[in-house]
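Reviewing the structure listed below.
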Amino acid sequence: MNENFPASPAPGADDDAMVERLRAADPAVDAAPDVVALRAAVDARIAAGQGGDQLAAARSRRWTSWPARVAAVAAAALVIGGGGGYAVGAAHDGGQQVAADAITLPAAGGQGGAVGAPEVAAGPKAAGGDTTSGGGARSSAAADSSYAGGYWGGHTVFTSKGLSGDAGTATAWAFDPSQAFTHDTAARLAAALGVTGDPVLQDGVWQLGPNDGTGPSLSVYPDGMASFNFYDPTKDPWFCSAASTPAPADTTKPSTDVAPGEPCAQRDLGPAVAGDAAVAAAKDVLTSMGVDLGGVELTAENWGDPTWTYVTGYQAVDGQRTGAQWNVAFTGAGMQSVSGPLAPLVSLGTYDVISPTDAVKRLTDPRFGSGYNGPLMYADGGKTVVGTATDEGVAPTSPPVPTLPPTVAAGSSFSWPVTEVTIVKARLGLAVQNLPSGAAVLLPAYELTASDDSVWSVVAVADSGLDFSPVG
Amino acid sequence: MHDEAWFEGVFRLHATAVHRYFARRAAADDVQDLTADVLTTAWRRRDDVPDGAELPWLYRTAAFVLANHRRKARPVPVEQVPDDVDDADPAELVIADEEVRAVLAALAPRDRRILLLHAWEGLDGDQLAVVLGIGRGGADAALSRARARLREVWSARETGASTGSEPTQAR
Numbered sequence: 004m005n006e007n008f009p010a011s012p013a014p015g016a017d018d019d020a021m022v023e024r025l026r027a028a029d030p031a032v033d034a035a036p037d038v039v040a041l042r043a044a045v046d047a048r049i050a051a052g053q054g055g056d057q058l059a060a061a062r063s064r065r066w067t068s069w070p071a072r073v074a075a076v077a078a079a080a081l082v083i084g085g086g087g088g089y090a091v092g093a094a095h096d097g098g099q100q101v102a103a104d105a106i107t108l109p110a111a112g113g114q115g116g117a118v119g120a121p122e123v124a125a126g127p128k129a130a131g132g133d134t135t136s137g138g139g140a141r142s143s144a145a146a147d148s149s150y151a152g153g154y155w156g157g158h159t160v161f162t163s164k165g166l167s168g169d170a171g172t173a174t175a176w177a178f179d180p181s182q183a184f185t186h187d188t189a190a191r192l193a194a195a196l197g198v199t200g201d202p203v204l205q206d207g208v209w210q211l212g213p214n215d216g217t218g219p220s221l222s223v224y225p226d227g228m229a230s231f232n233f234y235d236p237t238k239d240p241w242f243c244s245a246a247s248t249p250a251p252a253d254t255t256k257p258s259t260d261v262a263p264g265e266p267c268a269q270r271d272l273g274p275a276v277a278g279d280a281a282v283a284a285a286k287d288v289l290t291s292m293g294v295d296l297g298g299v300e301l302t303a304e305n306w307g308d309p310t311w312t313y314v315t316g317y318q319a320v321d322g323q324r325t326g327a328q329w330n331v332a333f334t335g336a337g338m339q340s341v342s343g344p345l346a347p348l349v350s351l352g353t354y355d356v357i358s359p360t361d362a363v364k365r366l367t368d369p370r371f372g373s374g375y376n377g378p379l380m381y382a383d384g385g386k387t388v389v390g391t392a393t394d395e396g397v398a399p400t401s402p403p404v405p406t407l408p409p410t411v412a413a414g415s416s417f418s419w420p421v422t423e424v425t426i427v428k429a430r431l432g433l434a435v436q437n438l439p440s441g442a443a444v445l446l447p448a449y450e451l452t453a454s455d456d457s458v459w460s461v462v463a464v465a466d467s468g469l470d471f472s473p474v475g
Numbered sequence: 742m743h744d745e746a747w748f749e750g751v752f753r754l755h756a757t758a759v760h761r762y763f764a765r766r767a768a769a770d771d772v773q774d775l776t777a778d779v780l781t782t783a784w785r786r787r788d789d790v791p792d793g794a795e796l797p798w799l800y801r802t803a804a805f806v807l808a809n810h811r812r813k814a815r816p817v818p819v820e821q822v823p824d825d826v827d828d829a830d831p832a833e834l835v836i837a838d839e840e841v842r843a844v845l846a847a848l849a850p851r852d853r854r855i856l857l858l859h860a861w862e863g864l865d866g867d868q869l870a871v872v873l874g875i876g877r878g879g880a881d882a883a884l885s886r887a888r889a890r891l892r893e894v895w896s897a898r899e900t901g902a903s904t905g906s907e908p909t910q911a912r
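These protein sequence lines map, in sequence, to chains X and V.
At position 45 of the first sequence the residue is numbered 48 (the numbering used here), and the sequence of numbers has no breaks.
At position 8 of the second sequence the residue is numbered 749 (the numbering used here), and the sequence of numbers has no breaks.
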């Protein structure tokens, strides 16, 4: 592949030729990750507490399936009941959760908002399978692929056992961002959070405060939930001395080309407020912002790092978590960031929903599949994360031994893998769905649990309530 | 809003680039683990990831992850840990072109780093500035200087080769 590039440039040759020569030596120009294995590795780290909080929750659904996580986490849950009183919980094993989990639907038509389908822009996975990834890289979780039938194709047959055949009705909801995406809202929130100045509409976003990390800033985004974000770099232990994110106390020294050393480093701000106190502090913050906390369940988590406490407020309606949530982060310096959906929920009325039995049939209906291989499995019992979370630090030292695929023998039958999944449990809940218009809605959806503990999801709204017109 | 959908987008758009970054600089066995570490960090620090500069932020983080990884892999006394992140050590780089490797070896670590971020990751201007953690002007100057050094080293090497002397490795 070097033929298009110049040989060694003569003395004084054009710089670009030399840069091109460097470029030609790029060993990874066509490299592509094993997306499923990579995604599994990321999820395992997140679930193990290296990465945080609600993404793991959203992807793995079951608190009790993460023994490593539960063991590592010191957390307190405190639930704000409908009457405004506190229902105090101390543990973290899921027993304190009041509302049922939100359901994650496969992304429809390439729309974002659904969690789980590992897709990448570049490069389908190279042929060659295991030889393209490192020896220890292919985790066992990767084998329990997120796609029906597994990454290597194959097909999945879904049957149901013991499920109801009764259809019913359920309420759908919409987020109304129009009430929230306003100058006045941004100004009111700025005042509540102590950010001075007048919000401006910039790049389609209501913004206030510097965006270069020199001070607190807030944004209201023009999306389906009128997402709000506030971030205060001055309360972040992660301290960057460089010009890109100078510290507030930094000198006005111009950023010249000095070797930056370690330009970003942790500084000691002391331990963050934790447990019930953190939940109470988050409640104060959200209340001052005018967030309706009715039905919001707040939990504080401290991922083995006492310098950060993350409070998550799970929005719920009718005993179902909606998937929308507020996040408030605290450091030793105080409230460091807060984000969440400003758009209020508006009832869309009652819709017909299909029966659990029909929901299982939908799993093999191409209109409701996703990805390139069928419906999305978004949790698989305890198997996804356990056992892969603690691999870090065990650095493989030997290069992978290339292995050739076996030669197929004459007259042999050809592998055509079919996985049989029996759905034994159905729960009607709610799932956030981003419509092609960008509007965010909460749709009735089924969470379907199989006999092998894998969990699947499918929209529950009857065909009569769905508009199947193609986009555009 | 840096939520799950945002992270899905970051993963979808940039996982390949981060993977390549490590494929260029680390043992094949480690590439996926390191890539996963960076993406996990992006989620954990999602509120800090600047909109519009996600990829440079990821590269910047990748450099620290790589440095930490090497620190762990090699028992190096703490006092010997370099202050500057060297993510372009020719001894670690995955380069088949021995001539390029020799030229890179003759460059200062910082110049090498900047040149490879430019040639391989395709960075310059504002993006390079974010990765290096310096201002735009500083990044432009640094790249310009690195290119000049590359020219010098390559010229010297050519001159040496034409007189029959073996190139010397500066390490």
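C-beta atoms are modelled at their ideal positions from N, C-alpha and C, and glycine is treated no differently.
From a predicted model like this one, the values you see are computed outputs, not experimental measurements.
Just by C-beta distance, which residues in the segment 177-206 of chain X are closer than 8 Å to chain V? none
Identify the continuous alpha helix (DSSP H) that holds X:SER418 and give its terminal residues. It is not in any alpha helix (DSSP H) - X:SER418 carries neither H nor E in the DSSP assignment.
Among V:ARG886, V:GLY874, V:LEU780, whose alpha-carbon lies nearest the alpha-carbon of V:LEU848? V:ARG886
Per DSSP, what kind of secondary structure is X:THR367 in: helix, strand or coil? coil
With a 10 Å radius around its C-beta and 16 neighbouring C-beta atoms as the bar for buried, classify X:LYS238 as buried or exposed. buried
Which chain V residues sit within Cβ distance under 7 Å of X:ILE49? THR781, TRP784
In the structure shown, what three-state DSSP assignment does X:VAL198 receive? coil
Mind pulling the chain X residues with CB within less than 7 Å of V:ALA756? PRO36, VAL38, LEU41, VAL123
Which residues, in order along the segment 877-896 of chain V, keep a beta-carbon less than 7 Å from a beta-carbon of chain X? GLY879, ALA882, ALA883, ARG888, LEU891, ARG892, TRP895, SER896
When we look at the beta-carbon of V:GLU893 and count the other beta-carbons within 10 Å, is it buried (16 or more) or exposed? exposed
Min CB distance X:THR21 to chain V below 8 Å: Correcting the residue identity first, residue 21 of chain X is Met in this sequence and not Thr. Chain V, which has a Cβ nearer than 8 Å to the Cβ of X:MET21, makes this yes.
Taking 8 Å as the CB-CB cut-off, is X:PRO213 touching chain V? no
Distance between X:ASP187 and V:TRP861 (C-alpha atoms, nearest Å): 46 Å
Would you decide whether X:PHE417 is buried or exposed? Buried here means 16 or more other CB atoms lie within 10 Å of its CB. exposed
Euclidean distance between Cα positions of V:SER896 and V:LEU884: 18 Å
Are at least three pairs of beta-carbons, each pair with one atom in the segment 223-235 of chain X and one in the segment 340-349 of chain X, less than 8 Å apart? yes
Among the candidates X:VAL474, X:PRO447, X:TRP176, whose CA atom is the shortest distance from the CA of X:SER440? X:VAL474
Tell me whether the beta-carbon of V:PRO797 lies closer than 8 Å to the beta-carbon of V:VAL872. yes
Can you name the residues of chain X whose CB is closer than 8 Å to the CB of V:ASP852? None at all; the shortest Cβ gap to chain X is about 11 Å.
Straight-line gap, X:THR255 to X:ARG370 (C-alpha atoms, nearest Å): Model confidence at X:THR255 stands at a pLDDT of 39, short of 50, so the residue's coordinates are unreliable and nothing is read from them.
So, under 8 Å CB-CB, X:ALA362 and X:LEU451 are touching, yes? Tell me the CB distance rounded to an integer number of Å. 6 Å
Can you list the residues of chain V that X:ASP226 reaches, using a CB-CB cut of under 8 Å? MET742
Element boundaries [beta strand (DSSP E), containing X:THR172]: 171-178
Between the alpha carbons of V:ARG842 and V:ASP792, how many angstroms are there, rounded? 35 Å
From the DSSP output, in three-state form, read off X:ALA34 for me. coil
Minimum C-alpha distance to X:TYR317 - residue among X:LEU289, X:ALA44, X:ALA429, X:ALA229: X:LEU289
Does the segment 317-329 of chain X come into contact with the segment 420-433 of chain X, if we say contact requires no fewer than three beta-carbon pairs (one atom in each stretch) closer than 8 Å? yes
Following the continuous beta strand (DSSP E) through X:PRO473, name the residue where it begins and the one where it ends. Unbroken run through X:PRO473: none, as it is neither H nor E.
List, in order along the chain, the chain X residues whose C-beta lies closer than 8 Å to that of V:ALA828? It should be pointed out that residue 828 of chain V corresponds to Asp in this sequence rather than to Ala. Per Cβ cutoff of 8 Å: no residues; V:ASP828 is ~13 Å from chain X at best.
Please report how far the alpha carbon of X:LEU351 lies from the alpha carbon of V:GLY876, in whole angstroms. 50 Å
Name the one or two DSSP bridge partners that X:PHE233 has. X:LEU221, X:VAL341
Classify V:SER885 as helix, strand or coil using the three-state DSSP reduction. helix
Determine whether the beta carbon atoms of X:TRP176 and X:VAL424 lie at a separation below 8 Å. no
Short CB-CB distance (under 8 Å) between X:VAL274 and chain V: Looking at the sequence itself, residue 274 of chain X is Pro, so the reference to Val does not match. So, not an interface residue.
Tell me which residue opens and which closes the beta strand (DSSP E) that X:GLY293 is part of. Per DSSP, X:GLY293 belongs to no beta strand (DSSP E) and is neither H nor E.
Looking at chain V, is there any beta carbon in it that lies within less than 8 Å of the beta carbon of X:SER340? yes
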